[in-house]
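For the sequence shown, this note's numbering puts the final residue at 794, and the numbers step up evenly by one. Ideal Cβ positions, reconstructed from N, Cα and C, are used throughout, including at glycine. Before any comments, here is the structure.
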Amino acid sequence: MSMLPGPMAVTAPTEQVRETVSSPEDIDKMVQAKTHPGVLQRQWGLEARLDPNVTFEEFTYWAKIERELEDEEYRRFRAVESSGILGHIKGYFGKNAYEDDKVINSRNLQSQEETSKWSEKQLTVATNKDENGINSIPPSDTHDLDAEWRTAARALKNASWGAVFYLITTDILGWSQTPYVFSNTGYGLGVGIFVLMGLAAFASGMMIWRTFLALDSSRFPVMSFGDPFFRLYGPRMRHFINFMQSLQMFLSVAVVLLGNTGIIAQLAGSANLCFVVCGIISLVVGMASGYMRSLKHLGWFCNFSVWINIVTFVIICVAAAKHGPDPAAAVQNGVLNKAWATVATMAPVKTFVNTPPAEYQPTDTNLFAAQFNGINSMVYAYSGAVMFVAFLSEMRRPMDFWKGLLMGQTFITVVYVFFGAFIYNYYGQYAYSNVNQSVYPLNLQVVGNVLSLITGWLAVFLYFNVGMKTVYLEVGQEIFNLPPIASRKGKYIWWALGPMYWIIAFVVSMSIPQFSAFTNFVGGLFSLNFTYSLSGVMYLAYKIQDGARLPGEGFDPATGETVRLDGGIKRWVRGFVKTWYLSIPVLIYTGCGLATSGMGTWAAVSALESAFGPGGSVVTSWTCVNPYYNP
């Protein structure tokens with residue numbers, strides 16, 4: 164059976180096919196005849212990663228072997244790697260010595276060691292059993308895997324920790340909202356919370372990393388954020404995670420759609436273009452992207468967007484230092500005094516070390532809620548941990564993920580604190596959540612808005628593609644038995660469902676047109692939990708189940724069976740007690756994340772009430788009023 168799509172597909176080994184009709188006695192005879200390695204060959208690969216018959220112990224057993232293989236390959240790589248700066252430069256532009264060495268030697272080496280290990284495995288299996296006859300510590304034999312399958316699977320993993328650093332910074336880096344955070348919290352709380360949230364985001368990444376290392380293998384690869392929850396809690400938890408992720412992606416599409424609508428409205432402010440018409444323009448552009456089922460069409464544009472962000476960053480910094488803010492976006496879309504809406508009539512810029520008073524709050528006059536709205540935007544800027552599993556699945560050596568994570572989170576935190584504090588110093592209470600719209604003078608604002616519109620559409624294309632695929636795969640195919648997305652029928656269904664997805668997102672965005680408050684709501688309810696709470700839930704379950712093992716328990720590769728001496732709540736309590744030094748801090752961390760999410764969601768709802776109330780935003784549901792028109 165083919166395990167991989169396309170030219171890299173491989174078929175299952177002969178032993179795996181034979182075992183489907185063989186009894187344990189037949190397998191023992193094959194072992195004695197040296198025609199079988201002695202390990203029950205369960206089906207593995209992409210089709211088997213969600214096999215409900217595979218136990219936690221079996222997942223962790225093969226994951227340990229996978230890490231040993233990766234260490235062995237890395238040692239071979241270091242043996243042939245060029246040293247020094249010139250050597251690294253030569254290796255970058257020339258052939259990869261490690262890949263050449265692997266292609267030449269890996270199959271022969273694995274084949275030779277596989278043959279020599281068969282008899283050793285039988286001896287180990289026989290001598291390593293306890294009084295119950297169960298192999299409590301399975302043999303650390305790394306060569307019973309099918310060589311062709313693993314070569315094909317590993318060939319798809321090429322990312323280094325440097326590539327992960329790039330992916331983390333480009334996926335998470337959302338510097339345009341950081342001045343708005345300071346306008347809600349002031350300098351002191353803003354800097355402190357940015358650093359604290361950065362450290363917490365790093366801790367979440369480390370927990371996801373450790374869980375991935377313990378569960379992922381070539382036999383049973385971990386591919387998405389929901390996979391670890393399937394292996395730790397079961398299929399229902401995975402469905403819940405995938406549903407929540409799909410809903411977050413959908414709301415993110417609505418948020419970016421609304422943000423692009425606001426930019427178009429500001430660009431067309433002099434013409435007094437109807438706000439809903441601006442939304443329809445943004446909708447039509449988004450719907451056009453629905454015909455792309457693959458992200459490969461966006462690769463070049465996404466790389467280009469990085470440079471667009473750099474140019475926009477420089478423009479905003481220069482404009483802020485020389486010209487100050489355009490107050491229209493912050494005043495018309497928030498609760499600031501509406502008399503401050505023009506450059507000629509605006510109050511002087513005010514900055515605060517502590518929380519700004521109610522008169523200078525941009526989103527909510529309730530100071531406690533205002534602080535949490537700032538935290539929500541901060542969390543939204545740090546969100547991205549949901550993609551870490553996908554990054555790890557692309558790495559040739561996932562043990563190095565922590566390097567890219569550390570550098571990426573450090574870089575992001577420094578940029579956030581610098582840019583947020585710098586722009587807040589010049590914009591004060593007028594720092595809007597999409598800071599491009601606060602730029603002055605008009606010519607620089609137009610340039611920044613056009614560039615922001617391009618990157619915003621790229622972001623919404625990505626959110627739609629990922630979100631729609633998750634809905635199609637996890638709901639359409641698994642529940643309603645829709646055809647594969649790559650098939651002819653699947654293509655037509657995708658094209659039919661795409662416009663419906665966009666139209667629903669458009670309806671949501673026009674019904675709740677408060678960009679800042681809507682962003683805070685998504686950040687508090689979804690981004691905060693995916694970045695902080697759920698990573699703790701994941702790691703806590705892994706540590707408890709790993710710590711609950713008893714002598715005589717474990718996965719026996721000779722029979723393919725897992726033995727547990729007990730189960731239920733008793734097992735979970737034992738695992739928690741045995742790992743209390745980690746479980747208690749992680750439980751507290753998870754509880755803090757859930758509590759912060761609850762308070763943040765309440766603050767976002769409070770901000771929405773203020774925006775729709777007296778003295779709030781001039782943009783109401785399905786309004787035609789252009790907030791940037793100045794007759």
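Where residue i and residue j are concerned, what is the direct C-alpha to C-alpha distance, given to the nearest angstrom?
i: Lys-733; j: Ala-711; result: 9 Å
i: Asn-500; j: Gly-389; result: 46 Å
i: Asp-489; j: Ala-766; result: 26 Å
i: Ser-433; j: His-486; result: 21 Å
i: Gly-337; j: Gly-723; result: 47 Å
i: Ala-594; j: Ala-428; result: 18 Å
i: Arg-399; j: Val-469; result: 38 Å
i: Thr-633; j: Phe-564; result: 25 Å
i: Phe-581; j: Arg-560; result: 33 Å
i: Ile-228; j: Thr-742; result: 23 Å
i: Ala-361; j: Tyr-523; result: Checking the sequence shown, residue 361 turns out to be Gly, not Ala. About 27 Å.
i: Asn-405; j: Pro-720; result: 32 Å
i: Ser-650; j: Val-613; result: 37 Å
i: Gln-608; j: Ile-617; result: 14 Å
i: Thr-786; j: Ile-443; result: 13 Å
i: Leu-621; j: Pro-215; result: 37 Å
i: Val-498; j: Lys-320; result: 50 Å
i: Gly-776; j: Gly-738; result: 51 Å
i: Phe-476; j: Ile-586; result: 11 Å
i: Pro-794; j: Tyr-655; result: 47 Å
i: Ala-521; j: Asn-466; result: 41 Å
i: Val-740; j: Phe-643; result: 42 Å
So, under 8 Å CB-CB, residue i and residue j are touching, yes? Tell me the CB distance rounded to an integer number of Å.
i: Thr-694; j: Ser-540; result: Not really, about 13 Å apart at Cβ, beyond 8 Å.
i: Asn-148; j: Ala-533; result: Only positions 164 to 794 of the chain appear in this structure, which leaves residue 148 out of reach.
i: Leu-816; j: Trp-324; result: Nothing can be reported for residue 816: it is not among the residues displayed for the chain, which extend from 164 to 794.
i: Pro-342; j: Gly-619; result: Pro-342 to Gly-619, Cβ: 18 Å. No contact.
i: Gly-537; j: Gly-353; result: 7 Å
i: Ser-415; j: Val-552; result: At roughly 18 Å, the Cβ-Cβ gap does not stay under 8 Å, so Ser-415 and Val-552 are not in contact.
i: Ala-322; j: Glu-557; result: 4 Å
Counting only the same chain and skipping the five closest in sequence on each side, list residues whose C-beta sits under 8 Å from that of residue i.
i: Tyr-396; result: Ala-704
i: Phe-393; result: Leu-213, Met-400, Arg-401
i: Asn-597; result: Ser-339, Gln-340, Gly-422, Gly-425, Ile-426, Ala-492, Ser-615, Phe-678
Skipping 5 residues on each side, what residues in its chain have a beta carbon closer than 6 Å to that of residue i?
i: Ala-774; result: Gln-677, Ala-680, Ser-780
i: Tyr-792; result: Gly-432, Asn-435
i: Ser-282; result: No answer about Ser-282 holds up, because its pLDDT of 39 lies below 50 and its placement is not dependable.
i: Ala-417; result: Ala-668, Val-671, Ser-672
i: Gly-639; result: Leu-645
When we look at the beta-carbon of residue i and count the other beta-carbons within 10 Å, is it buried (16 or more) or exposed?
i: Asp-527; result: buried
i: Lys-265; result: Low per-residue confidence applies at Lys-265: pLDDT is 48, beneath 50, and the placement is therefore not dependable, though the value from the model is reported in the following sentence. By the neighbour-count rule (16 or more Cβ atoms within 10 Å), Lys-265 is buried.
i: Asp-234; result: exposed
i: Pro-647; result: exposed
i: Phe-219; result: buried
i: Thr-783; result: exposed
i: Asn-797; result: Since the first residue of the chain shown is 164 and the last is 794, residue 797 is not available in this structure.
i: Ala-525; result: The sequence as given places Pro at residue 525; Ala does not occur at that position. Buried, because 16 or more other Cβ atoms sit within 10 Å of the Cβ of Pro-525.
i: Gly-754; result: exposed
Would you kindly check if the distance between the Cβ of residue j and the Cβ of residue i is under 8 Å?
i: Ala-548; j: Ser-746; result: no
i: Val-623; j: Asn-423; result: yes
i: Thr-508; j: Asn-588; result: no
i: Val-768; j: Phe-689; result: no
i: Gln-592; j: Ala-493; result: yes
i: Leu-691; j: Gly-756; result: yes
i: Gly-778; j: Phe-535; result: no
i: Tyr-744; j: Met-370; result: no
i: Val-108; j: Gly-349; result: Missing from the structure shown is residue 108; the chain here goes from 164 to 794 and no further.
i: Val-629; j: Gly-699; result: no
i: Glu-772; j: Ser-409; result: no
i: Arg-230; j: Leu-376; result: yes
i: Gly-567; j: Ile-331; result: yes
i: Thr-576; j: Val-344; result: no
i: Asn-599; j: Ile-479; result: yes
i: Gly-653; j: Met-450; result: no
i: Trp-657; j: Tyr-626; result: no
Looking only at its chain, what residues have a beta carbon closer than 7 Å to the beta carbon of residue i, apart from the 5 residues adjacent to it on each side?
i: Ala-502; result: Thr-508
i: Trp-225; result: Ser-380, Arg-382, Phe-383
i: Ser-760; result: Gly-687, Leu-688, Leu-691, Asn-692, Ser-696
i: Leu-378; result: Phe-222, Thr-223, Ala-226, Val-385, Pro-391, Arg-394
i: Tyr-590; result: Pro-342, Ala-483, Pro-488, Val-512, Ser-601
i: Phe-328; result: Gly-567, Met-570, Gly-571
Shorter than 7 Å, the distance from the beta carbon of residue i to the closest heavy atom of the ligand NAD, or not?
i: Arg-230; result: This structure does not include the ligand NAD; it has no bound ligands of any sort.
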